[in-house]
Each structure stands twice: as C-alpha cells, then as structure tokens.
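Asker: Under the working numbering, the final residue of the sequence shown carries the number 128; numbering is consecutive throughout. Take this structure, written in structure tokens, and hold onto it; I'll ask about it next.
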Amino acid sequence: MDDLTRISEPGAETPAEPQASEPAASTDLRERVIEVLRTCYDPEIPVNIYDLGLIYDIEITAEGAVTVRMTLTAPGCPVAFSLPAEVEAKLRSVEGVTDARVELVWDPPWTPDRMSEAARWQLGWW
Numbered sequence: 003m004d005d006l007t008r009i010s011e012p013g014a015e016t017p018a019e020p021q022a023s024e025p026a027a028s029t030d031l032r033e034r035v036i037e038v039l040r041t042c043y044d045p046e047i048p049v050n051i052y053d054l055g056l057i058y059d060i061e062i063t064a065e066g067a068v069t070v071r072m073t074l075t076a077p078g079c080p081v082a083f084s085l086p087a088e089v090e091a092k093l094r095s096v097e098g099v100t101d102a103r104v105e106l107v108w109d110p111p112w113t114p115d116r117m118s119e120a121a122r123w124q125l126g127w128w
C-alpha cells in the first residue's frame with residue numbers, strides 16, 4: 003500500500019498522521035483534498051461534509067488519482083445525485099489531482115457519532 007494515502011476515520015477531529023515513509027507531496031495533496039472537502043455542504047445541515055463524517059475513505063495514488071468513498075445522512079437524501087457530483091468537480095480542481103472519483107456508499111449507515119467534536123459544537127450537540 004505504498005502508493006496510497008488513506009484516512010480511515012474522517013470524522014475524527016485530527017486525521018491520522020502520515021507514515022514517515024509517505025512522500026511530502028502526497029501529504030500536501032491529502033491536505034488540499036481535505037481542505038476542498040471542507041468547502042462542500044449538505045444544504046440541510048450547516049456543517050461541511052468532512053466534519054459531518056460523511057467521508058468514509060480517501061485514497062490517493064502516487065499519480066494523483068483520488069477516490070473518495072462517502073455517504074449521505076439518509077438514503078432518501080434529496081442531494082443524493084448532486085452532492086457527489088459537486089464533490090467530484092471540486093476534487094478535480096485541486097492542484098495535483100489527476101483524476102477524481104466519488105463512490106456513494108451506504109454501509110455502514112451514517113450516524114451522528116461520526117461527526118467531529120467541532121461539528122457537534124456547531125450544531126449544539128455537545
């Protein structure tokens with residue numbers, strides 16, 4: 003798995019530190035990807051999708067191809083078609099990203115415990 007960067011707990015307040023063998027360019031790209039994910043919002047909830055815990059996994063290849071596995075707060079969410087497309091378009095705009103793909107997944111189902119502490123405070127769920 004030397005050519006991939008993974009974030010396994012996107013709802014965590016601080017994402018896992020990169021491994022020492024991870025190239026600095028990969029770390030920088032991961033940070034830019036997370037930064038752009040934090041500009042995407044479910045229109046019904048005033049918290050970005052990263053801190054809301056909707057991002058389940060981020061893979062970045064050595065070539066800069068990014069795959070994001072994400073979910074929505076509910077299967078019947080009205081943005082089920084538009085939000086993944088918006089995320090993909092924003093990922094493609096990140097410097098260093100050569101390709102972007104968003105996979106919408108439903109397992110495990112999203113629950114509020116995936117939210118970051120900052121998101122809970124923002125929503126008044128502390």
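Each residue gets a CB set at the ideal place from its N, CA and C atoms; glycine is no exception. Given the structure is predicted, the values throughout are model-derived calculations rather than measurements.
If you drop the 5 nearest sequence neighbours on each side, which residues of the same chain put their C-beta closer than 7 angstroms to that of E65?
Answerer: One-based indexing of the sequence shown puts residue 65 at position 63. Excluding sequence neighbours, E65 sits near T100.
Asker: Out of L31, V38, V107, A67, which one is the CA nearest neighbour of G78?
Answerer: Along the sequence shown, read from residue 1 onward, the residue named residue 78 stands at position 76. G78 has its Cα closest to that of V107, out of L31, V38, V107, A67.
Asker: Check E132 in the structure and name its three-state DSSP category.
Answerer: Absent from the structure is residue 132, since the part of the chain shown begins at 3 and ends at 128.
Asker: My assumption, with CB atoms under 8 angstroms, is that P45 sits in contact with V81. Please give the rounded CB distance.
Answerer: As a position in the sequence shown, residue 45 is number 43, starting the count at 1. As a position in the sequence shown, residue 81 is number 79, starting the count at 1. Sure, about 6 angstroms apart at Cβ, within 8 angstroms.
Asker: Is the Cβ-Cβ distance between Y52 and R71 less than 8 angstroms?
Answerer: As a working mapping, residue 52 is identified with position 50 in the sequence shown. As a working mapping, residue 71 is identified with position 69 in the sequence shown. No. Outside cutoff.
Asker: Give me the Cα-Cα distance between S118 and W127, rounded to the nearest whole angstrom.
Answerer: One-based indexing of the sequence shown puts residue 118 at position 116. One-based indexing of the sequence shown puts residue 127 at position 125. Rounded to whole angstroms, S118 to W127 spans 11 angstroms at the Cα level.
Asker: Scan the stretch 48 to 94 and note each continuous beta strand (DSSP E) run of 3 residues or more that stays entirely inside, going in chain order.
Answerer: Listed in chain order, they are 57 to 62, 67 to 72.
Asker: Per DSSP, what kind of secondary structure is D44 in: helix, strand or coil?
Answerer: The residue labelled residue 44 in the question sits at position 42 within the sequence shown. Coil at D44, not helix or strand.
Asker: So L56 and W112 are in contact, right, with Cβ under 8 angstroms, and what is the actual spacing, rounded?
Answerer: The residue you call residue 56 lines up with position 54 of the sequence shown. The residue you call residue 112 lines up with position 110 of the sequence shown. Sure, about 6 angstroms apart at Cβ, within 8 angstroms.
Asker: In three-state terms, what does DSSP make of D101?
Answerer: Mapped onto the sequence shown, residue 101 falls at position 99. It is a strand residue.
Asker: Find the nearest neighbour of T63 within the set L125, L31, E105, judged by alpha-carbon distance.
Answerer: Translated into positions along the sequence shown, residue 63 becomes position 61. Among L125, L31, E105, the Cα nearest to that of T63 is on L31.
Asker: So A102 packs on L93, CB below 8 angstroms; how close in whole Å?
Answerer: Translated into positions along the sequence shown, residue 102 becomes position 100. Translated into positions along the sequence shown, residue 93 becomes position 91. Indeed, because the Cβ distance is near 4 angstroms, the residues count as touching under 8 angstroms.
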